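First to last, the sequence lines map onto chains W and P.
In this text, residue positions in the first sequence follow this note's numbering: the first is 1, and each later residue adds one.
In this text, residue positions in the second sequence follow this note's numbering: the first is 1, and each later residue adds one.
Note that beta-carbon positions come from the ideal geometry of N, C-alpha and C, so glycine has one too.
None of the values given here were measured: they were computed from a predicted structure.
Heads up: the structure comes next, in structure tokens.
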Amino acid sequence: EDQVTQSPEALRLQEGESSSLNCSYTVSGLRGLFWYRQDPGKGPEFLFTLYSAGEEKEKERLKATLTKKESFLHITAPKPEDSATYLCAVQASPDTGRRALTFGSGTRLQVQP
Amino acid sequence: DAGVTQSPTHLIKTRGQHVTLRCSPISGHKSVSWYQQVLGQGPQFIFQYYEKEERGRGNFPDRFSARQFPNYSSELNVNALLLGDSALYLCASSRDRGREKLFFGSGTQLSVL
């Protein structure tokens, strides 16, 4: 069974204070690892897809990295508008017949001015 | 282009009742997936439909059913509602069955009293 564990559950940062969110996963052959951002009362918004260990992707103040067991979402010099819940999800290899995403419980990030 | 639209946005039902949730995917997207998100948890997969056929089902009881129409819109039906069905129900669309970059709607918040 695919599993995703995110840590910490909640994180409070001061504006400009960089940090990292962790996503540990177990999956039967990784097809893709996904990061989403979710604001209160909204659906998740796609951020990144990573496909293989060593891959990195960046978008503004966010950078996602991937190893064989975990992924990190690095937030550099965050701003209050980065406050949200960040969700990590994995998709198993097509060989498994499982196409749905398995999500973690998310990290609630609060950035204070 | 409009994003994924869901209706209604909020719904209050009592135990034992039936509910129908509706979703319109992004124009050109043929795959629709349904996820349930309980407060404080990540989304959990319920169904995927592609070209009007069920392509995947999560670990949910038979009280949950869905269908996709020729215009690719979709309905999620839940019978004999339980208190534990209270959650945010998310619809996501993608261009085809294999693409996992899901675009989520804002969801339907269902409260069962």
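### Message
According to DSSP, simplified to helix, strand and coil, what is P/Leu11?
### Response
strand
### Members of the segment 7-23 of chain P that neighbour chain W once the beta carbon cut-off is set at 7 Å
none
### Task
Under 9 Å between beta-carbons, which chain P residues line up against W/Ser105? List them in chain order, please.
Gly40, Gln41 and Gly42
### Nonlocal neighbours in the same chain, by C-beta distance under 6 Å from P/Leu113, ignoring five residues either side
Thr14
### Query
So, W/Leu50 versus W/Thr85, is the Cβ gap smaller than 9 Å?
no
### Message
Give me the DSSP bridge partner(s) of W/Val111.
### Response
W/Leu13
### Query
Using the beta-carbon of each residue, which ones in chain W are nearer than 7 Å to P/Phe104?
Gly43 and Pro44
### Message
Against P/Gln122, what residues of chain W qualify as contacts under a CB-to-CB distance less than 7 Å, listed in chain order?
### Response
Residue 122 of chain P cannot be examined here, being either before or after the span of chain P that is shown, 1 to 113.
### Message
Just to confirm my understanding: we take W/Gln14, look at its own chain, exclude 5 residues before and 5 after, and list those with CB closer than 6 Å. What are they?
### Response
Gln112
### Task
Measure the Cβ-Cβ separation of W/Ser20 and W/His74 and say whether it is below 9 Å.
yes
#### Entry: Listed by chain order, chain P residues near W/Leu177 by CB distance under 8 Å
Residue 177 of chain W is absent from the model: chain W starts at 1 and stops at 113.
### Task
Return the residues of the segment 44-77 of chain P that lie within a Cβ-Cβ distance of less than 8 Å from chain W, sorted by chain order.
Gln44, Phe45, Gln48, Arg55, Gly56 and Gly58
### Message
So if I threshold CB-CB distances at 9 Å, which residues from the segment 37-66 of chain W count as touching chain P?
### Response
Gln38, Gly41, Lys42, Gly43, Pro44, Glu45, Phe46 and Thr49
### Task
Could you tell me which chain W residues have their CB closer than 8 Å to the CB of P/Ser33, listed as they occur along the chain?
Ala100
### Task
Anything in chain P within Cβ reach of W/Leu87, meaning under 9 Å, just list it in chain order.
Gly42 and Pro43
### Sequence-distant residues of the same chain with beta carbon closer than 8 Å to P/Pro70, five excluded per side
Lys52
### Query
Using a Cβ cut-off of 9 Å, which residues of the segment 80-96 of chain P contact any Cβ in chain W, in chain order?
Leu88, Leu90, Cys91 and Ala92
### Own chain, CB closer than 6 Å to W/Arg98, minus 5 neighbours either side, in chain order
Ala92
### Task
Could you check the C-alpha separation between W/Glu45 and W/Gln38 for me, to the nearest Å?
6 Å
### Query
Looking only at C-alpha atoms, which of P/Phe103, P/Thr20 and P/Gln17 sits nearest to P/Gly28?
P/Phe103
### Message
Tell me the DSSP secondary structure of W/Glu81 in three-state form.
### Response
helix
### Task
For P/Leu83, name the three-state secondary structure that DSSP assigns.
helix
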